[in-house]
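Read the structure below first, then the notes.
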Amino acid sequence: MAFFSVEGLTMRFGGLTALDDVSFEVERATIFSVIGPNGSGKSTAFNCISGIHRPTAGNVHFDGERISGLGCHHIARRGIARTFQNIELFGNESTIDNLMLGRHQHMTTGVWRGIFMVNGRSEAARDECENRERVQHILELLDLDGVRERPVRELPYGTQKRVELARALAMEPKLLLVDEPSAGMNAQERTDLGERLRKLRADLGLTILLIEHHLQLAMGLADRVLVLNFGKAIAQGTPEEVRRHPEVIKAYLGDG
Amino acid sequence: MRSTQDYYADVQLLRGRGAWIKLAILLVVLIVLPLVLPGYRIFTVNYMAIFVIVGLGMNILVGDTGQVSLGHAGFLAIGAYTTVLMMTELSAPFPLALLVGGVVTAGFGFLLGLPALRLQGPYLAIVTLGFGIAVTQIIGHSAFFGGHMGLVVPDATLGPIPLSGDISQYYVIVGTTLVLALCARNLSVTRVGRAFRAIRDSEIAAATMGVDVAYYKTLSFALSAAFAGIAGGLLALMTGFISPGVFTFLLSLMFLAMVVFGGLGSIPGAVLGSIVMGYLNLEMDAFEELPLLGPALESFSARFMSTAGLPNVGWVVTGLLIVFTILLEPRGLHGVWIRVGAFIGGRRRDTDAPVGASAGSGAGSGAGPGGPGADSSDPPAGAS
Amino acid sequence: MLPQVIAGGLSAGSIYALVALALVITYKTTGVPNFAQGEMAMVSAFVAYVLMTDFQTGFFVAFTVALVFAFILGVGFEAVILRRVRNPSHLNLLVVTLGFQLALFGLAGWKWGAEQRQFPFPVSPNEALRIGDVSISTLGVATISISVVLMVGVFAFFRFTKLGVAMQATQQDSMAARINGVPTRRVVGLTFGMSSVIGAVAALLMAPLITLDTTLMWDPLLKGFAAAVLGGLNAPVGAVLGGYLLGLIENLFGAYVSVEVKSAVAFLIIILVLCFRPSGLFARHHKRKV
């Protein structure tokens, strides 16, 4: 069985069918791009995978386990992290605290230990320090050490997107869902982003699912591509195969 | 590269010798205070301390977790009545009765948290409102709870020490307040507090980070209720007598007002806001005695209003404080503090000042003096 | 006995329905329930009282002046306070209405004290109509009739007048309304004025029933709020139905089970309903898109 697979995923909201019988597979340590015109259901697919919506029909399997129908936080604890199209950072919190929330499932401090954090040797303190140390290299990797204590709502848009990515990485996920990471970026930033994602795949063996509007970035990074249109999967394959697929050309450019 | 000591500094309460000195001064002042104040003033301080405890709890629920409660007087009542009944019916010693009061109230808090999982803002507000009123109604109509006549609080002791005077009660109440403030603060800077604030800022993102939102929401209600419950037990100790007429909707409103006024999400703000509102609530009947302002108010009342209604000025002041807070500085007193700090920090570019959360407040609630503007190492973004 | 209980329920329900309607109108516009509404209505009732006792004006003149006052108070509150909230999150707006409520309550208490006053009304609460061998309070009948007429008028206003349609448009999507030329700021102000007037009518009907004092509208506001929640905060018809439902349930419970905890029971029912329908019986549940 593939590392990550979606079978017959269907999502209906009242009378609207956002996803219609979508199936695809993703191999470990690959980058898989999901592209398609606006409203084709890409973010809905991510929302189904991460547990925000319960699929109307279909299954999602991850690392040998069925995750469709599980609650959000259960899916997160299985090793799936994501970023959002519209930034969903914890705005009033600092950068470091956002990342530390990414560590939430790996930390052990509950109410009692938290209350009794009396000195640097207490369990809670050690938990804090260990995890702060772990996210430090993520901060440095994404050039965020300078804004470590700033409340993220004060940060520029591009920086916020980096914080979202950093936060997802702090979870030490096995699968990373990235939703339109290059929105609002200029060419240089996009190149950097592409490099960054490639490095994550290479160095960490991370499997990445990417929703991306910028076709060059999406195709350039991907090992395999899925094309959605009106909630249906109209093409799947390598970037070259997809680029030449007649349905895809029609979807993007229209008939004639 | 940071060392482990640096990381601990993120959450450490007392950083540097200055902090220890401030703590020592604070403790000395608090210990000596009841010995120099006249009796009725000690009562005032005790009363304010009880408000502070409730305020700390409200801050956890409303400030940190972003929920709303218009019924916290109900939790105060549950704590008070449980404590008293433990003492009268089960002859429990006061410390045990107080503890049980807190735990029982926490249980009710958990129950009230359950609807919170499904209900949005105003719907949650009405449920908490209904809860507060239902509690006092049920108490008032039940002979077991003493009905409208209320219950007399039996004499309490802390081991061999009798707690019948203002001074002994002061040490218990203010001591408990300090401990609870420390608990609240520690909770706030560690994993649980962060989870609360994540729920406030983006519930969906919190869930996708692995935060069990249902657990933490109900936990927040339970903790917040526990604080109010303990405050209720201490209130019973102080006043010697409890009746449902104390725990009104207006009191619940005041509890909400004080954390908003102090600054949601800030522990020092909640403490300060509670002190102010607690004082206001207590002194409402004695406005004529204010120096300068008192007689002016009295004559104004006699001419245009009614002298009998003078205590209502307290509500007017509270209401106006709330309105002006929201209009002018929605982050309350804490927000004012930050602005003052930024103003001073902007004046002197102090590179020695630690860039980090101010001591005592939850991490991330805003940079302290010297913070804002100190670093600008971001490359310009493509589109902002 | 049953017809009287039902009549009593309908009478109480009328007042709850009016309050609920007033709440829903402004809720739909701002997304926040206006807690100050109860005290705004109470103050309007006091205005009528003062006119009738200190200035010897007739009831209908006093009634009208009170309504005008209520309108101005509503418009003023929105323009001077609500509109100026700089960070208008739901919590902030909610708290502002709470603050205004407290301030009004304090002012009224300061001015008029705590004594209970008999509110002069053309119909005495003791009169009763006889229908067959059932006697129903005349005041109750008057309350029901006036409320129904007013509510029908309000619904007709929303449906058939230009301003009413503009109000509905603003409530549903203020941005789209503004683009289409609706003067949304003025409309919102007028909505608050209208809501205040409806609330004032409820207070004026309440006052002769239980004597006038500053806590006049506490119970009705709570019940009206509960009714609106029961029916669904963005469904005016639902809110009105909720009000009558609540009045009936309360009175039936009070007559046949126990008078004392009937309010607690009412809230319990609300909580139960909300467990199954988190947005009320008739409303639609909205979810945010991510």
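Order-wise, the sequence lines are chains E, A and W.
First residue of the first sequence? That's 1 in my numbering, and the numbers climb one at a time after it.
First residue of the second sequence? That's 1001 in my numbering, and the numbers climb one at a time after it.
First residue of the third sequence? That's 2001 in my numbering, and the numbers climb one at a time after it.
Glycine included, each C-beta is placed from N, C-alpha and C at the ideal position.
The contact set of residue 1118/A on chain W, defined by CB atoms closer than 9 Å, consists of 2274, 2275, 2278 in chain order. Uninterrupted beta strand (DSSP E) stretches at least 3 residues long and entirely within the region 2163 to 2217 of chain W do not occur. Within the region 1204 to 1219 of chain A, contact with chain E at the beta-carbon level (separation under 8 Å) is assigned to 1204, 1205, 1206, 1207, 1208, 1209, 1210, 1211, 1212, 1213, 1219.
Between the beta-carbon of residue 1228/A and that of residue 1079/A there is about 6 Å, and that keeps the pair under the 8 Å contact cut. A Cβ-Cβ distance of about 12 Å is found for the pair residue 2003/W and residue 2141/W, leaving them out of contact under the 8 Å criterion. Checking the DSSP bridge columns, you'll see residue 232/E partnered with 229/E. In the DSSP secondary-structure assignment, residue 1154/A is not bridged to any residue. Contact annotation: residue 1177/A and residue 1049/A have beta-carbon atoms nearer than 7 Å. When DSSP states are grouped into helix, strand and coil, residue 1334/A belongs to the helix group.
Residue 13/E is bridged by DSSP to 16/E.
For a Cβ distance threshold of 7 Å, residue set 1326, 1330 of chain A lies close to residue 2092/W, ordered along the chain. A distance below 6 Å between beta-carbons, with the five flanking residues on each side excluded, links residue 1148/A to the following residues of its chain, in chain order: 1140. Partner residues in the beta bridge of residue 2128/W, as assigned by DSSP, are 2137/W. Residue 1314/A: member of the alpha helix (DSSP H) spanning 1313 to 1328, first to last residue. The C-beta of residue 1312/A comes closer than 7 Å to at least one C-beta of chain W. Setting aside the 5 residues that flank it on each side, residue 1309/A is surrounded in the same chain by 1301, each with a C-beta closer than 8 Å to its C-beta; the list follows chain order. Note on geometry: alpha-carbon atoms of residue 1116/A and residue 1329/A lie some 28 Å from one another.
The alpha-carbon of residue 1318/A is positioned some 8 Å away from that of residue 1254/A. Within chain A, the C-beta atoms nearer than 7 Å to that of residue 88/E come from 1202, 1204, 1205, in chain order. Secondary structure at residue 175/E: strand, using DSSP grouped into helix, strand and coil. In the three-state scheme derived from DSSP, where H, G and I count as helix and E and B as strand, residue 2089/W is classed as coil. Sequence-distant partners of residue 114/E (beyond 5 residues in either direction) whose C-beta falls short of 6 Å from its own C-beta, in its chain, are 124. Going by C-alpha positions, residue 1071/A is about 21 Å away from residue 1312/A. Of all residues in the region 2206 to 2234 of chain W, only 2214, 2218, 2222, 2225, 2226, 2228, 2229, 2233 place a beta-carbon less than 9 Å from a beta-carbon of chain A.
Secondary structure at residue 210/E: strand, using DSSP grouped into helix, strand and coil. No beta strand (DSSP E) of 3 residues or more sits fully in the region 1180 to 1213 of chain A.
The beta-carbon distance between residue 1077/A and residue 1157/A, rounded to whole angstroms, is 24 Å. This is too long to meet the 8 Å contact definition.
Residues 1044, 1047, 1048 of the same chain have their beta carbon placed closer than 8 Å to that of residue 1282/A, with the five preceding and five following residues left out of the count. Only buried fits residue 212/E, as 16 or more other CB atoms lie within 10 angstroms of its CB. Of all residues in the region 1086 to 1115 of chain A, those with a C-beta nearer than 9 Å to a C-beta of chain W are 1114, 1115, reading in chain order. Nearest neighbour of residue 1221/A by Cα position, chosen from 1089/A, 1037/A, 1103/A, turns out to be 1103/A. Taking a 10 Å sphere around the C-beta of residue 2116/W, we find fewer than 16 other C-beta atoms and assign the residue as exposed.
The C-alpha of residue 1181/A lies about 27 Å from the C-alpha of residue 2094/W. Here residue 2182/W is buried: its Cβ has 16 or more other Cβ atoms, across all protein chains shown, within 10 Å. Across the structure, residue 1106/A and residue 43/E are spaced so that their CA atoms are roughly 40 Å apart. For residue 2187/W and residue 1171/A, the gap between their C-alpha atoms comes out near 57 Å.
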